[in-house]
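A quick write-up on the structure given underneath.
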Amino acid sequence: MSKRRYMKIIADIIGVTVDIFEKSLIYLGGY
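Here the sequence shown is numbered in the numbering used here, starting from 68 and rising by one per residue.
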């Protein structure tokens, strides 16, 4: 496992987490 590849995987996970979090806020804010 190269460090660069490891960083990309972490960045992808953070990106997905932020995306889900933003959708949750919009969903909750709709009520």
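Glycine residues also receive a C-beta, built at the ideal position from the N, C-alpha and C atoms.
Roughly how many whole angstroms lie between the Cα atoms of residue i and residue j?
i	j	result
Phe88	Arg72	24 Å
Lys90	Ile80	16 Å
Val83	Ser69	22 Å
Gly96	Met74	33 Å
Leu92	Ala78	21 Å
Tyr94	Ile76	27 Å
Could you spell out where the alpha helix (DSSP H) holding residue i opens and where it closes?
i	result
Ser91	Lys70 to Gly96
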